[in-house]
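For reference, the structure discussed in these notes is given below.
Chains as they are written, first to last, in our numbering: chain A, 16 to 209; chain B, 25 to 113.
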């Protein structure tokens, strides 16, 4: 077994040191595991917290799931991308999985097509992180809030969401329309018509 | 749009570290004698002549782990303890 992992410079990380760290973690060096957590936990936490806010109850679990998934996949890390980018991509997948789980909906019940609410869509896109939007999302039913965050904050298209959930694109669009309608109702109740 | 940067809670880092080391330990950890930056307790274990013992995870029975996984600012100050370092990072 090789020598224990140690950085020569904590701040100037190169791809080589990323690979050194990956190898050391895989070599079951506990000190490398500590370094791995210390280096990337804030980034992963920040990404997931920002994607899930204002419903942040699942953030801790998703961060931990991300690291355990990274451990399982670390043997396939090639060093082509910085380790930070690599683990953040795993975190994004975890967020998508979370959206899919939160997105339990009986699509058969959605057989009509509510009118589009373009002004509400614009509000979601342009003022996406404002306190008022967050507060309104908090009042929606969880599956609607998850759907709107997934679509507008995570930038997933209806087609991508359909593939991810095994639903049709049309069903996703209907569901989005419903979610936007509920958002508009809550928004107008709180802030008047936009 | 720049997203606000947040720091992960120290107790979360501690729990993640514990979980990772548990995974590493499933096939035996790198013996403490081959590790650098040992805490005072690990140094004591590293003196043992058994590589099997050195490949185990003494943090499992350490009060520092329990404190760090449950308190954001645990009373742990000794050097080279990851659980102590997480509260400073």
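Idealized CB from N, CA, C, for every residue including glycine.
Neighbourhood of residue i by C-beta, 8 Å cutoff - its chain only, sequence neighbours within 5 removed
i             : result
residue 61(B) : 104
Residues near residue i by beta carbon distance below 7 Å, same chain, minus five either side
i              : result
residue 69(B)  : 56, 77, 78 and 82
residue 100(B) : 88, 91, 92, 107 and 108
residue 151(A) : 198, 201, 202 and 205
residue 75(B)  : 55
residue 51(A)  : 36 and 40
Under 8 Å between C-beta atoms of residue i and residue j
i              : j              : result
residue 37(A)  : residue 98(A)  : yes
residue 59(B)  : residue 35(A)  : no
residue 41(A)  : residue 90(A)  : yes
residue 201(A) : residue 149(A) : no
residue 53(B)  : residue 84(B)  : no
residue 108(B) : residue 88(B)  : yes
residue 30(B)  : residue 96(B)  : no
residue 184(A) : residue 174(A) : yes
residue 101(A) : residue 44(B)  : no
residue 14(A)  : residue 176(A) : Outside the modelled stretch of chain A, which goes from 16 to 209, sits residue 14(A), for which no answer is possible.
residue 169(A) : residue 110(A) : yes
Neighbourhood of residue i by C-beta distance below 6 Å, restricted to the same chain and skipping five residues each side
i              : result
residue 159(A) : 194 and 197
residue 107(A) : none
residue 98(B)  : 91 and 92
residue 37(B)  : 110
residue 84(A)  : 105
Residue i (DSSP reduced to helix, strand or coil)
i              : result
residue 32(B)  : coil
residue 92(B)  : helix
residue 192(A) : helix
residue 74(B)  : coil
residue 83(B)  : helix
residue 32(A)  : helix
residue 182(A) : coil
residue 175(A) : helix
residue 156(A) : coil
residue 60(B)  : coil
residue 109(B) : helix
residue 111(A) : helix
residue 66(B)  : helix
residue 169(A) : coil
residue 91(A)  : helix
Residue nearest to residue i in terms of C-alpha spacing, selected from the options
i              : options                         : result
residue 147(A) : 206(A), 104(A) and 171(A)       : 206(A)
residue 58(A)  : 96(B), 33(B) and 108(B)         : 33(B)
residue 78(A)  : 204(A), 192(A), 60(A) and 67(A) : 60(A)
residue 93(B)  : 67(B), 102(B) and 40(B)         : 40(B)
residue 102(B) : 28(B), 64(B), 49(B) and 48(B)   : 64(B)
residue 27(B)  : 65(A), 76(A), 203(A) and 96(A)  : 65(A)
residue 81(A)  : 68(A), 63(A) and 72(A)          : 63(A)
residue 68(A)  : 192(A), 157(A) and 182(A)       : 157(A)
residue 103(A) : 74(A), 56(A) and 75(A)          : 56(A)
residue 112(A) : 153(A), 54(A) and 171(A)        : 171(A)
When Cβ atoms are compared, which residues of the region 37–68 of chain B fall closer than 8 Å to chain A? Sequence-ordered contacts of the region 37–68 of chain B with chain A read 37, 39, 40, 41, 43, 44, 45, 47, 48, 49, 51, 52, 53, 54, 55, 58, 59, 60 and 61 [C-beta pairs closer than 8 Å].
Mind listing which residues of the region 66–88 of chain A have their C-beta closer than 7 Å to chain B's C-betas, in chain order? Only 75, 78, 79, 82, 83 and 86 from the region 66–88 of chain A bring a Cβ to less than 7 Å from some Cβ of chain B.
Residues of the region 101–112 of chain B whose Cβ lies closer than 8 Å to any Cβ of chain A, in chain order: Look at the region 101–112 of chain B: the residues with a C-beta under 8 Å from a C-beta of chain A are 106, 109 and 110.
Residues, ordered as in the chain, of the region 174–200 of chain A that lie near chain B by beta-carbon distance below 9 Å: For the region 174–200 of chain A, which is checked against every Cβ of chain B, not one residue is closer than 9 Å.
Relative to chain B, which residues along the region 41–61 of chain A have a C-beta separation below 8 Å, given in chain order? Listed by position, the residues of the region 41–61 of chain A near chain B (Cβ gap below 8 Å) are 42, 43, 44, 45, 46, 48, 49, 51, 52, 53, 56, 57, 59, 60 and 61.
At a Cβ cut of 9 Å, what residues of the region 94–120 of chain A count as close to chain B, listed as they run along the chain? So the list is empty, because no residue satisfies the distance condition.
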